[in-house]
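What follows is a set of notes on a single structure, which appears directly below.
Numbering (this note's numbering), first residue to last: 4 to 429.
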C-alpha cells in the first residue's frame with residue numbers, strides 16, 4: 004500500500020509540473036455549421052419516429068427545439084478534469100453580443116393543429132411532400148423530420164483491482180445503449196430534401212455487487228443518447244459555440260521568452276486584455292517569426308475577429324508553409340469570416356473587441372520575389388552598402404511608404420521601416 008501511495012504522489016507531482024508549463028488556452032468560440040443554411044428564418048420540427056419506443060418521439064423533437072432556442076448553444080459548464088488537478092473556466096467565451104437563437108421556431112401545438120386539420124398522422128411518419136404541405140400552411144422555410152432507433156447490451160464482468168500483492172474482484176454489470184438517427188431538412192418551397200445528417204450516440208452505466216440494483220434503465224440511457232443526437236443534428240445546420248483548445252507557440256528567443264510566458268499566463272487566466280499588448284509587442288519586435296504571428300492570430304480568433312485572425316495566421320503560414328496547424332487555422336478563420344457576414348446580415352453582428360496595439364493597413368503593397376525559402380535584404384537606407392536591418396522571406400507582401408530612386412521604402416511587419424531594391428520586387 005505504501006508503494007502504491009508513493010507512486011500516486013509521484014504521478015501527481017509529474018502531472019502538476021506538466022500542467023504548470025502548459026501553453027494551452029481554453030475557451031468557447033463561435034463555430035460555423037457543417038452545412039450552412041443562411042437563408043432560413045422560420046423552422047418547424049415534426050415529431051421524429053422511434054421504431055422501438057414511441058415515448059422517444061417527443062423527447063427527441065423537444066431536444067432539437069430546445070437547442071434551436073438556446074441563446075448560448077454549445078456553451079456548457081465544464082467539470083473538473085484529470086481527477087480535479089485542472090479545473091477549467093466554466094462557460095468562458097470572449098465573443099461578445101452573439102446569441103444563438105437565430106430562428107423562429109414554430110410551436111409544437113401549431114404543427115399538431117395543422118396535422119389534425121389536414122388529417123395527417125401525428126406519428127411523424129410523413130413523406131416530404133406532405134411535410135412541405137404542412138410547412139406552407141405554417142409559412143415555414145424548412146421543416147425538419149427524421150427517425151431514430153436504439154439498442155442496448157448488458158455485459159457481465161469482474162472489476163479487478165491490483166494493490167501491490169493484494170487483488171480484489173467484484174461482480175459487475177455494464178449496460179450500453181447505442182442510438183442511431185437520421186435527420187432530413189425539407190424545403191417547403193420545393194418539397195426536396197436539402198440536407199441530411201446521420202448520427203450515432205452511445206452511453207453506458209456500470210455497477211458492481213450490491214450497487215447493481217441502481218443500474219440505469221435502458222430508456223434512461225437512451226434519453227441521454229437522444230440529447231446527444233439532437234446536438235449533432237442542430238450543429239449540422241446551425242451556428243453555435245464549441246469548446247476549443249489553443250496550443251500557443253513557445254517563443255524560444257531569450258529576449259522574448261519571459262514576456263511570451265507572461266502573455267500566455269494572462270490568457271489562461273482569462274485576462275486577454277493584458278495578454279494582447281504583450282503578444283503584439285513581441286510580434287512587432289520579431290515580426291518574421293511565424294510563432295509570434297500565430298499567437299496573435301489565435302487571440303484575434305478567440306474574440307471573433309476573423310479577418311484579423313486570418314491576416315496573422317496567413318503570415319505564419321507564408322513563413323512556414325509546412326506547418327499544418329497554421330494552415331488549418333487560416334482555413335478556420337476563412338469559414339469564420341463567412342459566419343460573421345451571416346451574423347451581420349441578420350442583424351446580430353459580433354461586437355468588435357477593442358484591442359490596443361493594432362495598426363492601420365496602407366493601400367499600396369509590393370510583393371517580394373522568390374519563395375519562403377529565399378531571403379530578401381531590407382536596408383536601413385536606400386543604399387546596398389548601408390546596414391541590412393532584416394532578411395525577409397520571398398513571396399511576402401509589404402506596405403509601401405515611398406519610392407527613393409531604385410529603392411522602395413516599406414513598412415516591415417511591426418513598426419520598423421526599411422528599403423528594398425526594385426530588383427527584389429515582383
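Where a beta carbon is used, it is the ideal one built from N, C-alpha and C, also for glycine.
Would you call residue i buried or exposed, if buried means 16 or more other Cβ atoms sit within 10 Å of its Cβ?
i, result
"residue 258", "exposed"
"residue 50", "buried"
"residue 76", "buried"
"residue 294", "buried"
"residue 411", "buried"
"residue 86", "Interpretation of residue 86 is limited by its pLDDT of 33, a score under 50 that renders its predicted location unreliable; no figure is taken from the coordinates."
"residue 133", "buried"
"residue 271", "buried"
"residue 363", "With a pLDDT of only 41 at residue 363, under 50, the local geometry of the prediction cannot be trusted, and the value read off the model is given with reservation. So residue 363 ends up on the exposed side."
"residue 376", "exposed"
"residue 390", "exposed"
"residue 119", "exposed"
"residue 174", "exposed"
"residue 79", "exposed"
"residue 190", "buried"
"residue 201", "exposed"
"residue 357", "exposed"
"residue 267", "buried"
"residue 55", "exposed"
What residue range is occupied by the uninterrupted beta strand (DSSP E) comprising residue i?
i, result
"residue 152", "145 to 161"
"residue 396", "391 to 396"
"residue 378", "378 to 382"
"residue 407", "400 to 407"
"residue 37", "Taken as a continuous stretch (DSSP letters only), residue 37 belongs to no beta strand (DSSP E), as it is neither H nor E."
Terminal residues of the continuous alpha helix (DSSP H) containing residue i?
i, result
"residue 1", "Residue coverage of the chain in this structure runs from 4 to 429, which leaves residue 1 outside it and unanswerable."
"residue 279", "275 to 288"
"residue 317", "309 to 322"
"residue 265", "257 to 271"
"residue 237", "221 to 240"
"residue 345", "327 to 348"
"residue 112", "111 to 120"
Measuring alpha carbon to alpha carbon, tell me which residue in the options is nearest residue i.
i, options, result
"residue 269", "261, 278, 263 and 262", "278"
"residue 228", "405, 38, 62 and 52", "62"
"residue 71", "112, 354 and 147", "147"
"residue 152", "225, 274 and 379", "225"
"residue 386", "426, 333, 350 and 150", "426"
"residue 290", "350, 322 and 398", "322"
"residue 143", "402, 310 and 192", "192"
"residue 310", "324, 343 and 282", "343"
"residue 114", "135, 96 and 102", "135"
"residue 405", "414, 379 and 312", "414"
"residue 502", "190, 370, 233 and 208", "One cannot answer for residue 502 here, as it falls past the ends of the chain, which runs 4 to 429."
"residue 194", "94, 129 and 214", "129"
"residue 303", "213, 159 and 283", "283"
"residue 140", "121, 158 and 150", "121"
"residue 199", "37, 388, 423 and 177", "37"
"residue 254", "273, 281, 242 and 231", "281"
message: Check whether the region 235 to 249 and the region 24 to 44 touch, using three or more Cβ-Cβ pairs below 8 Å as the test.
response: Yes, since at least three Cβ pairs between the region 235 to 249 and the region 24 to 44 fall closer than 8 Å, the two stretches touch.
- prompt: Are there three or more Cβ pairs, one per stretch, closer than 8 Å when the region 67 to 74 is compared with the region 226 to 243?
  reply: The region 67 to 74, when compared against the region 226 to 243, does touch it at the 8 Å Cβ threshold.
query: Do the region 44 to 61 and the region 108 to 115 make contact, defined as three or more Cβ pairs closer than 8 Å?
result: With the rule of 3 Cβ pairs closer than 8 Å, the region 44 to 61 counts as touching the region 108 to 115.
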